[in-house]
Structure formats: structure tokens, C-alpha cells
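Enquirer: Top line first, the protein sequences correspond to chains S and W. Residue 1 is where the first sequence starts when you use the working numbering, and the numbers rise one by one after that. Residue 1 is where the second sequence starts when you use the working numbering, and the numbers rise one by one after that. C-beta: ideal position from N, C-alpha, C; glycine also.
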Amino acid sequence: GNSVTQMEGPVTLSEEAFLTINCTYTATGYPSLFWYVQYPGEGLQLLLKATKADDKGSNKGFEATYRKETTSFHLEKGSVQVSDSAVYFCALQGTPHSGGGADGLTFGKGTHLIIQP
Amino acid sequence: DTGVSQDPRHKITKRGQNVTFRCDPISEHNRLYWYRQTLGQGPEFLTYFQNEAQLEKSRLLSDRFSAERPKGSFSTLEIQRTEQGDSAMYLCASSLEAGGWETQYFGPGTRLLVL
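#1: Put S72 (chain S) into one of helix, strand or coil per three-state DSSP.
#2: Out of S:T26, S:A17 and S:G9, which one is the CA nearest neighbour of P117 (chain S)?
#3: Assign D86 (chain W) to one of three DSSP states: helix, strand, or coil.
#4: Under a CB-based cut-off of 8 Å, is G104 (chain S) close to chain W?
#5: So is K49 (chain S) in contact with chain C if we call contact Cβ pairs under 8 Å?
#6: Does the ligand SAM have even one heavy atom less than 7 Å from the beta-carbon of T47 (chain W)?
#7: Using the Cβ count rule (16 or more neighbours within 10 Å means buried), how would you classify K56 (chain S)?
#8: May I ask you to report which of helix, strand or coil DSSP gives D84 (chain S)?
#9: Looking at C-alpha atoms only, which residue of S:V11, S:N2, S:G1 and S:M7 is the closest neighbour of I114 (chain S)?
#10: Does DSSP classify G9 (chain S) as helix, strand or coil?
#11: To which residues of the same chain is T102 (chain W) closer than 8 Å at the C-beta, ignoring the five residues directly before and after it?
#12: Across the stretch 69-80 of chain S and the stretch 17-30 of chain W, are there enough close Cβ pairs to call them in contact, namely three or more that are closer than 8 Å?
#13: Nearest by alpha-carbon distance to L91 (chain W): which of W:Y35, W:Y105, W:G3 and W:A67 is it?
#14: Around the Cβ of D84 (chain S), are there at least 16 other Cβ atoms within 10 angstroms (buried) or fewer (exposed)?
#15: Measure the Cβ-Cβ separation of E83 (chain W) and P70 (chain W) and say whether it is below 8 Å.
#16: For K11 (chain W), decide whether its Cβ has a neighbour in chain S, counting only Cβ atoms nearer than 8 Å.
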């Protein structure tokens, strides 16, 4: 079955530091890959996505590249801000085109990011 | 676009009682998903609908869980004979499926506490 593994948290960084949150996956075919973010007291929000190998998703200074050869979708940001403090979830979804069939998202356990001023 | 809404936002019940949650998706979205999220974990997929058809329900946690989407718009998730282990956040998401690709948009969730 499908699975997502992401680095355990919490991850604590100083403002303006470089961020990497690792995410690897196991799936049949060619899933779509997502990063969702959950700010304190709020619901899950889509941060970025990539639907095929070598695609790069980007939003709000965050980037992630779909690497099929390493089955990875690591999240990066060059300079984090206090407002980036949140829980970040990596997720995948199989698609009919990939042979995985339509299905719900499979999420990782989440990485709690804390940015200190 | 008012986003996905869920009602109630919080529910406290006693063990053995039945509870029902409602989800209103984004108006033009044809797919609707239910997830459960426990503390410290990512959301866990339960079931989904395409319009009014429930296309996947094998992931529902037990036969005490059921979901409906009678007119292809809002959906309800019911838990019968609640147990303390059912305490969790229940999330709804909707999407517009087109050509095999979709992005799911989540509601704020219903937090259930079973005493």
C-alpha cells in the first residue's frame, strides 16, 4: 500500500535560517505529491503540489521537487520567518492515470516547525 | 467561494451515544472526502463520494461508521455507539475531479470527545 515518511519534529530554527523537511514515499505507479500546512488553531491548507516526476511545486517561498528516482518530495525554504511556525504534512494520492486508482490522500505524521526570532 | 464548512466544530458525547457530523463542500466540487486525525498523527482517509455515489468505504474504521451524501451536495458522517477511542478530529475535504487530477480543500474539522 501507499505510505509517506517524513522527518520527526519538532524542528526548531532561528529566523532567516534555511529549512529542509524530508519526505519520502512508497506508492504504486505515479502518484501526485502534496505539502499541506496547519497553522495554530487553523485547518489544513494546501501549500504546494507536484503531479509528475521532476515537477517543482512552489508557494510562499517554499519549494519541493518530485524526485521519482529517490521517491522523495523534500520541502525547502531559503529564509524562514516566525510566521512559518506550523505543522507541515507531506501527502500523496494515486491517480487513475497511474494505475493507483482514485483514492484519499495518504499523509505523513507531520513535522512541527518552530521558528524563533 | 466560502470554502468547506463543517458542523458542529466541537462535540462532546457520552460513550454509547450516536453522533452525526455535517460537511458542506465548495459548491462546484464533485468529490467529497472524510478523514480522521488523532493527536500527533496525519489525517487518515475514511471514505469518499463522487457526486452522490460512495466509491470507497472499505477504510471506514468499523461498521459503527457510516456516511451519506444523498443529493451530491452536503454529506453526513455518523458514528453509532461511540467509544472513547473515537475521540479525534474528523475532517472533510472536497475537490473538483477533472481528467484524473484534483486538489483537495479541507474544512476546519469537527473535534469529537467521547467521555
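Expert: On the basis of the coordinates in this document:
#1: strand
#2: S:A17
#3: helix
#4: yes
#5: As a matter of chain content, chain C is missing from the structure shown, whose protein chains are S and W.
#6: This structure does not include the ligand SAM; it has no bound ligands of any sort.
#7: exposed
#8: helix
#9: S:V11
#10: coil
#11: It should be noted that the sequence gives Glu, not Thr, for residue 102 (chain W). These residues qualify, in order along the chain: R31, S95 and L96.
#12: no
#13: W:Y35
#14: buried
#15: no
#16: no
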